[in-house]
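Below is one structure; the comments refer to it alone.
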Amino acid sequence: MSPAWSFALARLVGAFAIAALVGYFLGEVQLTVIVVLAGYLALNFARLYRLERWLRRRRTEEPPDFRGIWGDVVALVMRIYRRKQFHKRRIVQLFREFRRMTTAMPDGVVVMSAEREIQWFNRNAARLLSLRRKVDYRQRIDNLLRQPEFSRYLSDGDYSQAVVIRSAANSDQHLSLQVVAYGAGQQLLLVRDVTRQIRLEAMRKDFVANASHELRSPLTVIAGYVDALADDRSIDPAWRAPLEEMHRQAERMRAVVDALIELSRLEASSGEAGNELIDVAGMLTLLRREVLALDRHPREVELALESASKLLGSEQEVHSIFSNLISNAVKYTAPDGRVDIRWWTDGAGGHFSVRDTGVGIAREHLPRLTERFYRVDPGRARATGGSGLGLAIVKHALQRHGATLEIESEEGEGSRFTCHFPLRRVAARTALAAND
Ligand code: ADP
62 MSPAWSFALA RLVGAFAIAA LVGYFLGEVQ LTVIVVLAGY LALNFARLYR LERWLRRRRT
122 EEPPDFRGIW GDVVALVMRI YRRKQFHKRR IVQLFREFRR MTTAMPDGVV VMSAEREIQW
182 FNRNAARLLS LRRKVDYRQR IDNLLRQPEF SRYLSDGDYS QAVVIRSAAN SDQHLSLQVV
242 AYGAGQQLLL VRDVTRQIRL EAMRKDFVAN ASHELRSPLT VIAGYVDALA DDRSIDPAWR
302 APLEEMHRQA ERMRAVVDAL IELSRLEASS GEAGNELIDV AGMLTLLRRE VLALDRHPRE
362 VELALESASK LLGSEQEVHS IFSNLISNAV KYTAPDGRVD IRWWTDGAGG HFSVRDTGVG
422 IAREHLPRLT ERFYRVDPGR ARATGGSGLG LAIVKHALQR HGATLEIESE EGEGSRFTCH
482 FPLRRVAART ALAAND
């Protein structure tokens, strides 16, 4: 027991003992005890009243000057009150700093609940997304941002990348939106104005497309004359080798320009590829025949058609994917090697693979293989007439079909390139029967 309590108890017992003694001498023990009890009660009641009054007005009034146990209670209340004030001030200070920080941020930030209801947003988010303070609190974000790309992004649930949409208020403005999960199911929506980057990117694409188109016609003329000269028997034989080299280089330039034009076309076509019904078996049979007709090709080129299912997509783009992968396998495999082409379907979708026993690719090159002009061995790639753009085209065309590219390779052993098309791109059997 604390000293204050011991003292209060001792004082109470003492008061009653004195009251009983006085009552005994006066012959009125009961009365004196009742009087002392009433006095004690009245005193405590009065203190309780003052304490309650002070607690109500503690912001403006000084604490009552109690001693003993009541003084301890007042001191304890004061301590708790001061601690609370301190924490409150700290939280307010932190909140102000947080607000100042988010206001200074160049990006917009929206805090959302697990149900995607808006709980808070900063000034830039309000400006970029035309959100109204207070009015839009507790509204679902997908009710306010109705762009189809954003709805698809939310329903897909893959937030590792941002999605770019056009601003509803200004169609010239492009916004990048990315959801970041945090806490107990809560989410942040980060908003950034990427109009400038999109414009620069468009300018770059336009430049490459225009330059390639401009180069194509003069190149065709030069290649034509070089061809004619190479075939001209009256030309000095000393010129034969340089003319053949000029012809090879002109062909290489034409391959690069054609690939650049194809890549530009793919980049310019926005959204998903169309839904033409593609006869994969027929296309692959034809491609294999074309390979076997080449002067130089691996001895064995096998085709395994394990499914009769057709693909839904752009015929031209799918042809480009298959022919690029097959011609790479052929290019990088020796004449005594083997190339296996396979088409099959399962519960996950449609799959196409090309396996070769060629030169293979070292592990460190695999992640960069689909970059434009990336070549493992530039010397050999040039010698084989490669543009360095084939796999970039494949990747782009696959993306437009919602498909992915898997690359497995062992240096010196060979490679396998597999395309995985989603189930929605595989034509249902009924469609197949109707078109057969
Ligand atoms: P290229 O026109 O030079 O073949 P690609 O974009 O098609 O350009 O391929 C990029 C690089 O990837 C090639 O230069 C080559 O080094 C490597 N590569 C692609 N396919 C194969 C393969 N089947 N075997 C070995 N290396 C390959």
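Counting from 62, one number per residue, gives the positions in the sequence shown under the numbering used here.
In this text, a Cβ means the ideal position worked out from N, Cα and C, and glycines have one as well.
Check: Are there 16 or more other CB atoms within 10 angstroms of the CB of R114, so buried, or fewer, so exposed?; Outcome: exposed
Check: Where does the unbroken alpha helix (DSSP H) through T465 begin, and where does it stop?; Outcome: No alpha helix (DSSP H) holds T465; the beta strand (DSSP E) holding it covers T465 to E471.
Check: Cα separation between I468 and R461?; Outcome: 19 angstroms
Check: Against chain C, does S476 count as a neighbour if the rule is that its beta carbon must be under 8 angstroms from one of theirs?; Outcome: No chain C appears in the structure shown, which is made up of a single protein chain.
Check: Just mark T121 as buried or exposed, buried being the case when its beta carbon has 16 or more other beta carbons within 10 Å.; Outcome: exposed
Check: Please work out which residues of its chain come closer than 6 angstroms, Cβ to Cβ, to R111, disregarding the five sequence neighbours upstream and downstream, and give them in chain order.; Outcome: P125
Check: In whole angstroms, what separates the C-alpha of R485 from that of G410?; Outcome: 7 angstroms
Check: Where does the unbroken alpha helix (DSSP H) through P483 begin, and where does it stop?; Outcome: P483 -> not in any alpha helix (DSSP H); beta strand (DSSP E) instead, spanning G475 to P483.
Check: With burial defined as no fewer than 16 other Cβ atoms inside 10 Å of the residue's Cβ, what is the status of G100: buried or exposed?; Outcome: exposed
Check: If you measure from the CB of D438, is any heavy atom of ligand 1 nearer than 7 angstroms?; Outcome: yes
Check: Going by C-alpha to C-alpha distance, which of S330, A365 and R357 sits closest to T346?; Outcome: A365
Check: When we look at the beta-carbon of F482 and count the other beta-carbons within 10 Å, is it buried (16 or more) or exposed?; Outcome: buried
Check: Nearest by alpha-carbon distance to M139: which of R119, G374, A354 and S381 is it?; Outcome: R119
Check: Starting from A272 and walking both ways along the alpha helix (DSSP H), at which residues does that stretch end?; Outcome: T256 to D292
Check: Please report the straight-line C-alpha distance between V134 and R144, rounded to a whole angstrom.; Outcome: 15 angstroms
Check: Going by DSSP in three states, R424 sits in which element: helix, strand or coil?; Outcome: helix
Check: Decide if G88 is buried, meaning its Cβ has at least 16 other Cβ atoms within 10 Å, or exposed.; Outcome: exposed
Check: Classify M173 as helix, strand or coil using the three-state DSSP reduction.; Outcome: strand
Check: At a threshold of 7 angstroms, does A390 count as lining ligand 1 (C-beta to nearest heavy atom)?; Outcome: yes
Check: Which one or two residues does DSSP pair with V341 in a beta bridge?; Outcome: Answer is none; V341 lacks a bridge partner.
Check: Return the chain-ordered ranges of every beta strand (DSSP E) run that is complete within the stretch 115 to 202 and spans a minimum of 3 residues.; Outcome: 169 to 173 and 179 to 182
Check: If you compare alpha carbons, which of F86, F106 and A76 is closest to I95?; Outcome: A76
Check: Which residues in the same chain as G335 place their Cβ atom closer than 8 angstroms to its Cβ, once the five residues preceding and following it in sequence are excluded?; Outcome: G374 and S375
Check: For R253, I'd like the list of residues in its chain whose CB is within less than 6 angstroms of its CB, leaving aside the five on either flank, ordered along the chain.; Outcome: D168 and S237
Check: Looking at the structure shown, is A492 part of a helix, part of a strand, or coil, going by DSSP?; Outcome: Bear in mind that a pLDDT of 44 at A492, under 50, signals an unreliable position, so the model cannot answer this.
Check: Give me the DSSP bridge partner(s) of T406.; Outcome: G411
Check: From the DSSP output, in three-state form, read off Q222 for me.; Outcome: coil
Check: Looking at C-alpha atoms only, which residue of A136, R350 and R294 is the closest neighbour of S388?; Outcome: R350
Check: Check S384 in the structure and name its three-state DSSP category.; Outcome: helix
Check: Just to confirm the assignment, what range does the beta strand (DSSP E) spanning L364 have?; Outcome: E361 to L366
Check: Which residue comes first and which comes last in the alpha helix (DSSP H) that contains Y85?; Outcome: P64 to L87
Check: Beta carbon of A453: closer than 7 angstroms to some heavy atom of ligand 1?; Outcome: yes
Check: Using three-state DSSP, classify Q248 as helix, strand or coil.; Outcome: strand
Check: According to DSSP, is Y214 part of a helix, a strand, or is it coil?; Outcome: helix
Check: Among K456, E472 and S331, which one has its Cα closest to the Cα of T479?; Outcome: K456
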